[in-house]
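In case it helps, mature numbering (1 follows the signal peptide of the UniProt record, and there is no 0) puts the sequence shown at residues -22 to -1, 1 to 535. Ideal Cβ placement from N, Cα and C applies to all residues, glycine included. Data first, discussion second: the structure below is written as structure tokens.
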Amino acid sequence: MLPYSTIYIFIFVFVWIDHLNTQLPCDIAKFPHGHACQCTDDYCDTITPLGTLPFGQAALYESTSENAGTHRLTRLTNLSFHKEIDPNISTVIQINDKTKYQTIIGFGGAFTDASSIVAHDLSVNLQKILLAQYFGEQGINYNIGRIPMAGCDFSTYTYTYDSVANDFELQHFSIEMDLSIKIPFIQSAITMSNETIYFFGSPWNGPDWLKNQSNPVGTLNGVPGDKYHKTWARYFSKFIEAYEAEGISIWGITTQNEYSQVKDFDGLFYTTEQLADFIRIDLGPELRSKHPSVKIMTYDDDMVLLFLKIDRMIQRNRTIDQYIDGIAVHWYATEDMTFPDFYELFLTKLEYPEFFYLPTEACEGYMKINKGPRLGMWKRGIHYALSIIGDLLVGASGWTDWNIVLDLQGGPNHIRNFVDSPIIANTSSGTVFYKNPMYYAMGHFSKFIPRNSIRLGMKVLKQEKQHARIEPLKIVSILTPMKQMVIVALNHDRITTQSVQILDSNQDLLLPFICSERALAYAMQLKKKAKTESRKKKFIVQIRSRKIVEYAEQLEL
């Protein structure tokens, strides 16, 4: 049985791995909104590596709101394959390992100035422990890192890499501001990781002298093809070269963070047509000439109107295709203001399958209601899991969180745009940080779905509803390069425990679980508090999800 509000990872392994370490459990810290796991110089919970797993068994890792918050990516007893289907199982899902979809690029987060500053304010030993949570063997194995190109709102002030007016040759271009804290933080992550981290740069703000007004808001002067746009394109090359000189290889760039939004802080505004022309005339030729291996991702904006805008961009001049490798998307500003608009991503992927699709920013606590950190809030971890599974099912090649660590206020941020993060640190003492449920939700994917994994097809053979409004299970299946079959399952229904049986093409696997009364009682209490507006929003999301399923079934997705 899958208990209420629980994330599981099932791993069917057909190879042998040589090590197995003991897992250190969560050190519970209680807060008004839930439980977080606290880490100090002396203790931090760990995740048991897969270890040696006999043929015919499956490893099981669980995160749940039950057990007083102690189960966070907790390794449970191995499961064994069964040959017979249990008629009492409510949900039966068949994995089709002959049907394969997108290749996975990876999972990760952003190395903002804010994250670098917060980490720097911790003790030296705790800084290492923090990085180990993301990049160490017993952490969650991030392999993607987003790097803001100069300042963003999560900096302590506005800055660019060249403030000397009319320096069209960029002779004064300098990343000096990044050298003291941000770059050493990134270099430490590289040293910590056992695999290659794909770093990509994203610009927020350009030099004032390139813009049509001397402040952080505005558009570039002139038109694509002129000296302003050519200089801005060279700025990207300079960034790539400067970071590579510091031992940080840049895998990709995005063309502009949230290009369509007029902001009152660090940003550049484009119309879709202007951005398309800049890529085709200036940026694309510049990078293909000087840095041909660097991936160019465009859009990097909210999913609202994604299909319309990408279609306009591509159809404006099809020669732009040669300069675009991927489409970057954010999860904000969707219809229910929490969950990404999977339908938009699905349609865009369907129309333009030649590009990879990578979610490049997401965070909780960005809205005025419940703004900032909410330590231990389980719901926020569930939102992450829903988003990641939904994105993967409609074609995304990974998922990138926003700041990898913030302070107790949700900053620093020079415009006070405080948000939440998977890890929140107490910078006043410098001796403790807290791992939120979002951290463990990310880990169910990043820890067990390595780069170059492939999403597999699957089909629901049976799903019985025990009550009319039951939330369906969310499940995604993956085949890793090591020929491991990985299944991530989320039960986010508020009142129902669900029994599941997963079938592959060769063997049947019976997965029995038991839900405690405490979890059910807590779920029913939540249900009583639900507001009409919340139910309406959830209904809208379900309807939109149903449309995706209908389209997917027609296309055997």
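Span separating the alpha-carbon of residue i from that of residue j
{"i": "Pro263", "j": "Ser133", "result": "31 angstroms"}
{"i": "Asn56", "j": "Asp242", "result": "53 angstroms"}
{"i": "Gln165", "j": "Gly225", "result": "8 angstroms"}
{"i": "Val410", "j": "Thr24", "result": "16 angstroms"}
{"i": "Met127", "j": "Thr458", "result": "32 angstroms"}
{"i": "Met170", "j": "Gly117", "result": "11 angstroms"}
{"i": "Gly87", "j": "Pro337", "result": "11 angstroms"}
{"i": "Met420", "j": "Ala143", "result": "43 angstroms"}
{"i": "Leu157", "j": "Arg53", "result": "40 angstroms"}
{"i": "Leu286", "j": "Ile218", "result": "31 angstroms"}
{"i": "Gln105", "j": "His98", "result": "7 angstroms"}
{"i": "Tyr39", "j": "Phe214", "result": "42 angstroms"}
{"i": "Ser512", "j": "Tyr277", "result": "With a pLDDT of 38 at Ser512, under the threshold of 50, the modelled position of this residue cannot be trusted, and the question is left open."}
{"i": "Trp210", "j": "His13", "result": "46 angstroms"}
{"i": "Glu154", "j": "Tyr237", "result": "26 angstroms"}
{"i": "Gly388", "j": "Leu188", "result": "32 angstroms"}
{"i": "Ser406", "j": "Ser101", "result": "11 angstroms"}
{"i": "Tyr139", "j": "His207", "result": "16 angstroms"}
{"i": "Thr18", "j": "Ile228", "result": "32 angstroms"}
{"i": "Gln252", "j": "Asp75", "result": "43 angstroms"}
{"i": "Leu323", "j": "Gly373", "result": "8 angstroms"}
{"i": "Thr69", "j": "Val454", "result": "14 angstroms"}
{"i": "Ala403", "j": "Asp289", "result": "42 angstroms"}
From the options, residue whose alpha carbon lies closest to that of residue i
{"i": "Ile456", "options": "Met436, Glu442, His98 and Lys440", "result": "Met436"}
{"i": "Glu173", "options": "Ile305, Tyr112, Gln191 and Thr197", "result": "Tyr112"}
{"i": "Phe151", "options": "Arg212, Ile159, Gly359 and Gln80", "result": "Arg212"}
{"i": "Asp379", "options": "Gly389, His308, Val438 and Thr169", "result": "His308"}
{"i": "Gly203", "options": "Ser180, Arg258 and Ile218", "result": "Arg258"}
{"i": "Asp131", "options": "Ile175, Pro181 and Gln105", "result": "Pro181"}
{"i": "Lys273", "options": "Ala14, Asp75, Leu246 and Gly230", "result": "Gly230"}
{"i": "Leu371", "options": "Phe214, Ala467 and Tyr206", "result": "Ala467"}
{"i": "Gly368", "options": "Tyr321, Arg358 and Asn381", "result": "Tyr321"}
{"i": "Leu451", "options": "Gln462, Ile465 and Asn469", "result": "Asn469"}
{"i": "Lys160", "options": "Gln149, Glu115, Phe178 and Ile125", "result": "Ile125"}
{"i": "Thr475", "options": "Glu44, Asn235, Cys22 and Pro32", "result": "Glu44"}
{"i": "Gln479", "options": "Cys15, Phe59 and Gly359", "result": "Phe59"}
{"i": "Gly354", "options": "Asp398, Gly304 and Ser365", "result": "Asp398"}
{"i": "Ser267", "options": "Met416, Gln300 and Gln35", "result": "Gln300"}
{"i": "Pro27", "options": "Glu115, Asp289 and Glu442", "result": "Glu115"}
{"i": "Phe9", "options": "Leu481, Gly408 and Leu386", "result": "Leu386"}
Coil, strand or helix - residue i by DSSP
{"i": "Val240", "result": "coil"}
{"i": "Ser101", "result": "coil"}
{"i": "Gly230", "result": "strand"}
{"i": "Arg124", "result": "strand"}
{"i": "Ala14", "result": "strand"}
{"i": "Pro415", "result": "helix"}
{"i": "Ser455", "result": "strand"}
{"i": "Ile118", "result": "coil"}
{"i": "Ala143", "result": "coil"}
{"i": "Ile298", "result": "helix"}
{"i": "Leu328", "result": "helix"}
{"i": "Leu261", "result": "helix"}
{"i": "Gly200", "result": "coil"}
Where residue i falls, given that 16 or more other Cβ within 10 Å makes a residue buried
{"i": "Val135", "result": "It should be pointed out that residue 135 corresponds to Tyr in this sequence rather than to Val. Counting Cβ neighbours within 10 Å, Tyr135 comes out exposed, since fewer than 16 surround it."}
{"i": "Leu325", "result": "buried"}
{"i": "Arg296", "result": "exposed"}
{"i": "Asn121", "result": "buried"}
{"i": "Phe146", "result": "exposed"}
{"i": "Glu222", "result": "exposed"}
{"i": "Tyr352", "result": "Strictly speaking, residue 352 in this sequence is Arg, with Tyr absent from that position. By the 10 Å Cβ count, Arg352 comes out buried."}
{"i": "Arg433", "result": "buried"}
{"i": "Leu489", "result": "Since pLDDT at Leu489 reaches only 48, below the 50 mark, its modelled position is unreliable, and no value is offered."}
{"i": "Thr249", "result": "exposed"}
{"i": "Pro32", "result": "exposed"}
{"i": "Met460", "result": "exposed"}
{"i": "Gly184", "result": "buried"}
{"i": "Thr90", "result": "buried"}
{"i": "Met315", "result": "In this prediction, Met315 has a pLDDT of 38, which is less than 50 and means its spatial position is unreliable; what the coordinates show is noted afterwards. Met315 should be labelled exposed."}
Identity of the residues DSSP links to residue i by a beta bridge
{"i": "Thr52", "result": "Glu40"}
{"i": "Gly84", "result": "Gly376"}
{"i": "Thr276", "result": "Ile305"}
{"i": "Asp385", "result": "Ala403"}
{"i": "Pro337", "result": "Val307"}
{"i": "Asn74", "result": "Gly435"}
{"i": "Thr69", "result": "Gln441 and Val478"}
{"i": "Ser58", "result": "Gln35"}
{"i": "Pro162", "result": "None, per the DSSP bridge assignment."}
{"i": "Tyr176", "result": "Ile122"}
{"i": "Lys8", "result": "His13"}
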